[in-house]
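Trainee: In the numbering used here, the protein residues as written are 46 to 448. I have a structure here, written as structure tokens, and I will follow up with some questions on it.
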């Protein structure tokens, strides 16, 4: 069963109230609480008259008659079916209305013969009392507590005293919602509460330090000070740290669910190359120092021979040694300069690789929240049809489903 399309009469507020009452009537009808569905459907009819609601009221009276055999429900049902056939003879439920009239006909005839043939005066009118309905379309497992009483299954329909009242609506996977409202004497009001989904939470375990991002938004570093709250749905979780390969996962979260992520990031190839460059630069630096030391030693040997020549003549062997020392000094000096420049170049390359090895630069663009899935437990009407109803003095239509 689905909500009707209200007629063109009435303002938007009345039509919205009619939809709310009709939804309450559907829920209580499906639950087998036909007295409550009668009251709800009648309130919908008062706010936005519709032939589809006429049929719904008749259905509720018929089902209640099968339970308590109250003749007033019998007459209200048959009168409702006749009204439907009169105003919508070609309506989508016309065949059903005719069938139910045939089924209830013998009982109505017996009742008529026992009352002198007068059955039209037996139409049932629901007693107007101060009542409230509290419902929600967010979950079919919602519970309602009115004025601190024990929770009951939603929708709740209850007689109340005029004045201020409060209702608390709860449901698995949703945050509790409290509504306060005022009911005037002899009024029937409907309160529809929209529940907010309970957030899910993410716990990240692992060595301290890595950044944790959800949908591109930084939520903290491992270990998180507290579990990160996320809306139910699919989210991109990225854990990154300079010098390590990032870990990026797409995780689906349910309402009020806690998920735990264990991470152990591996050293990145770029960081390994940078570390290798630092080692290479160090080795070249050591070679440059050693080469410079040898060059200085050869320079010192050549200087000693040069100083000796000032006081005496050098023999052939000393002259050869002097020349060899000078040549060696030049060779080792060149080697020291070359290895020093190489050490500096490799060191700078390693530093650049080290400084720019930050995966958070790329993972921050991976986000994009996926819309949360449709809340679980929300019923989808089936067997729905729409039919216009145009009769003398009436123009409208109805969306109906099977009762």
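Glycine is no exception: its CB is placed at the ideal position from the N, C-alpha and C atoms. All of these numbers come straight from a predicted model, not from anything done at the bench.
1) Any heavy atom of the ligand FAD within a distance shorter than 7 Å of the CB on residue 202?
2) Which class does residue 237 belong to by DSSP, given the choice of helix, strand or coil?
3) When the distance is taken between beta carbons, is residue 389 closer than 8 Å to residue 337?
4) For residue 294, does the count of other Cβ atoms within 10 angstroms reach 16, so buried, or fall short, so exposed?
5) In terms of residues, what are the limits of the alpha helix (DSSP H) holding residue 131?
6) With distances taken Cα to Cα, identify the nearest neighbour of residue 311 among 238, 246, 284.
7) For residue 378, name the three-state secondary structure that DSSP assigns.
8) At which residues does the alpha helix (DSSP H) containing residue 186 begin and terminate?
9) Would you tell me roughly how many angstroms separate the C-alpha atoms of residue 148 and residue 141, rounded to the nearest one?
10) Taking just the CA atoms, how far does residue 124 sit from residue 165?
11) Cutting at 7 Å between CB atoms, please list the residues of its own chain near residue 128, excluding the five before and the five after it.
12) Could you compute how far the alpha carbon of residue 134 sits from the alpha carbon of residue 233?
13) Would you list the residues sitting across from residue 307 in a DSSP beta bridge?
14) Quick check: what's the CA-CA separation for residue 208 versus residue 236?
15) For residue 401, which option in 78, 286, 117, 272 has the closest C-alpha, if you only look at C-alpha atoms?
16) Is the Cβ of residue 315 closer than 8 Å to any Cβ of chain C?
17) In three-state DSSP terms, what is residue 384?
Mentor: In this structure, then:
1) This structure lacks the ligand FAD, and indeed carries no ligand of any kind.
2) Residue numbering aside, residue 237 sits at position 192 when the chain shown is read from its first letter. Strand, per DSSP.
3) Here residue 337 refers to the residue found at position 292 when the chain shown is read from its first residue. Here residue 389 refers to the residue found at position 344 when the chain shown is read from its first residue. No, the Cβ-Cβ distance between residue 337 and residue 389 is not below 8 Å.
4) Stepping through the chain shown from its first residue, residue 294 is reached at position 249. Residue 294 is exposed by the Cβ-count criterion.
5) Within the chain shown, numbered from 1, the residue matching residue 131 stands at position 86. Residues 116-132.
6) Reading the chain shown from its first residue, position 266 is the one you call residue 311. Ranking 238, 246, 284 by Cα distance to residue 311 puts 284 first.
7) Looking up residue 378 in the chain shown gives position 333. Three-state DSSP puts residue 378 in a helix.
8) Start at 1 with the first residue of the chain shown, and residue 186 comes out as number 141. For residue 186, there is no enclosing alpha helix (DSSP H), as DSSP marks it with neither H nor E.
9) Locating residue 148 in the chain shown gives position 103, where the first residue counts as 1. Locating residue 141 in the chain shown gives position 96, where the first residue counts as 1. Near 11 Å, if we compare the C-alpha coordinates of residue 141 and residue 148.
10) Position 120 of the chain shown, counted from the first residue, corresponds to residue 165. Position 79 of the chain shown, counted from the first residue, corresponds to residue 124. Residue placement at residue 165 is flagged as unreliable, the pLDDT there being 49, under the threshold of 50; a coordinate-derived value is accordingly withheld.
11) For the purposes of this step, residue 128 is taken as the residue at position 83 of the chain shown. For residue 128, where only same-chain residues beyond five positions count, the Cβ hits under 7 Å are 99.
12) Position 89 of the chain shown, counted from the first residue, corresponds to residue 134. Position 188 of the chain shown, counted from the first residue, corresponds to residue 233. Cα to Cα, the separation comes out at about 32 Å.
13) Here residue 307 is taken as the residue at index 262 of the chain shown, counted from 1. In the DSSP output, where bridge partners are listed per residue, residue 307 has 250.
14) What you label residue 208 is simply residue 163 of the chain shown in a count that begins at 1. What you label residue 236 is simply residue 191 of the chain shown in a count that begins at 1. Straight-line Cα distance between these residues: approximately 15 Å.
15) For the purposes of this step, residue 401 is identified with residue 356 of the chain shown, where counting begins at 1. Per the Cα distances, 286.
16) Going by chain labels, chain C is absent from the structure shown, which holds only one protein chain.
17) In the chain shown, counting from the first residue as 1, residue 384 sits at position 339. Looking at residue 384 - three-state DSSP - the assignment turns out to be helix.
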